[in-house]
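In the working numbering, the protein residues as written are 3 to 364.
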């Protein structure tokens, strides 16, 4: 059996790719060794080039490692950048304008190591220094080419940095929106579960209170049902918070009949949910639950009718209607739920100003 590597190859050998660009440091090296100068200057200059290359590679690895961990890296990044700048200044004292070859690396490192404004500041400063050196030195030394390269590196790395920052902002906003949507989903589910269950419990408790003296056995049966409903509601709340609650249309049809009957409302509710496309049953089950709760709680109706079709649900009653009454949280939650499923919800007063008709099409 082949053992899986315990480390990403990029983490182990990524320094090779990052360091390949250091080949351009050959120009400061040539400036050191091709012109007559004291041996100690050559040794010190070569040492500065080696330190600069090592700091650049190690610093780039540090930035990437901290980026993967999501840890703050400003202190370490500033330390590496200080080493790069110190090597650049030291080389400038030895070889003059030939040390400008260090600046593209300094600008590129700063763009990814510092906050955006200081990074842009260093890019602008490096471009100004390179341009000034090109003006005051012999153009034949190619310093104008270096100045253009420094400017191009600053623009390209700055653009990459801005795009990366916008990408991170987009990801953070996407995560925040996902959290908000999940909270709204849980709030809608809890509202629907508790609203329905507590309404039925309230109706049955009122009925049991009236039956205590008239029919004690019936009152005991109602109290037993209240206990069962309370346990069921508690289980549904736990499932909802855990993201496991799924409304089933067949169960909601039976629950609607029980709730309406308990409130003394004549229920005309179908038994079989098979008329509804299975893809739409969950959302229509949630709608039926909230609609039944509203009929029991607010309608003062004598009868309620539920109609099912392939992609449609209609709940209507003969109560007092909705004219002049604002929509509550339950209906607003249903609109969001139905809209998310690509459907449409309408709620209006019935014919001749009597009753309420709720219709959902998905």
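Here a beta-carbon is modelled for each residue, glycine too, at the ideal position from N, C-alpha and C.
On a predicted model such as this, the values are computed, not experimentally measured, just so you know.
Taking residue 297 as part of the alpha helix (DSSP H), name the residues at either end of that continuous run. In the DSSP assignment, residue 297 falls within the unbroken alpha helix (DSSP H) covering 283-300.
Judging by CA-CA distance, which residue of 218, 202, 214 and 252 is the nearest neighbour of residue 228? The residue with the shortest Cα to Cα distance from residue 228 is 202.
Given this structure, state the Cα-to-Cα distance separating residue 293 from residue 174, to the nearest angstrom. C-alpha separation (whole angstroms): 37 Å.
Any idea what DSSP makes of residue 77, helix, strand or coil? Note: residue 77 maps to helix in three-state DSSP.
Evaluate the contact criterion for the stretch 116-129 versus the stretch 153-163: three or more CB pairs, one atom per stretch, below 8 Å. Contact between the stretch 116-129 and the stretch 153-163 is present, with at least three C-beta pairs closer than 8 Å.
What does a CB cutoff of less than 6 Å around residue 46 pick up in its chain, not counting 5 residues either side in sequence? Cβ contact annotation for residue 46 (same chain, cutoff 6 Å, sequence separation greater than five): none.
Residues in its own chain within less than 7 Å of residue 313 by CB, not counting five upstream and five downstream? Around residue 313: 279, 282, 363 and 364.
Indicate whether residue 319 and residue 260 have their beta-carbon atoms separated by less than 7 Å. For residue 319 and residue 260, no; Cβs fall outside 7 Å.
Residue 82 vs residue 103 beta-carbon contact at 7 Å: Their beta carbons are not under 7 Å apart, which means residue 82 does not touch residue 103 by this criterion.
Closest by C-alpha distance to residue 351, when choosing among 317, 341, 338 and 335: Proximity to residue 351 across 317, 341, 338 and 335 peaks at 317, based on C-alpha coordinates.
Inspect the beta-carbon positions of residue 254 and residue 287 and report whether they are closer than 7 Å. Yes, the pair counts as a contact, with Cβ atoms nearer than the cut-off.
If we call anything under 7 Å between Cβ atoms a contact, is residue 205 one with residue 252? Taking C-beta atoms as the reference points, residue 205 and residue 252 fail to come closer than 7 Å.
Roughly how many angstroms separate the alpha carbons of residue 113 and residue 42, rounded to a whole number? If I take the Cα positions, the gap works out to 34 Å.
What distance in whole Å lies between the Cβ atoms of residue 85 and residue 53, which are believed to be in contact at a cut-off of 8 Å? About 7 Å; that satisfies the 8 Å criterion.
Going straight from the alpha carbon of residue 291 to that of residue 169, what length do you get? Distance between the alpha carbons of residue 291 and residue 169 is about 41 Å.
My guess is that residue 267 and residue 298 are in contact by the Cβ rule of under 8 Å, so how many angstroms apart are they, rounded? Indeed they touch by this definition, with Cβ atoms about 7 Å apart.
Given the structure, does residue 333 come close to the ligand ATP, in the sense that its CB is under 6 Å from one of the ligand's heavy atoms? The model on display carries no ligand, and the ligand ATP is accordingly not part of it.
Segment limits, alpha helix (DSSP H) that includes residue 268: The continuous stretches of alpha helix (DSSP H) do not include residue 268, which lies in the beta strand (DSSP E) extending over residues 268-270.
One or two residues paired with residue 319 in a DSSP bridge: Within the DSSP bridge table, the entry for residue 319 names 306 as partners.
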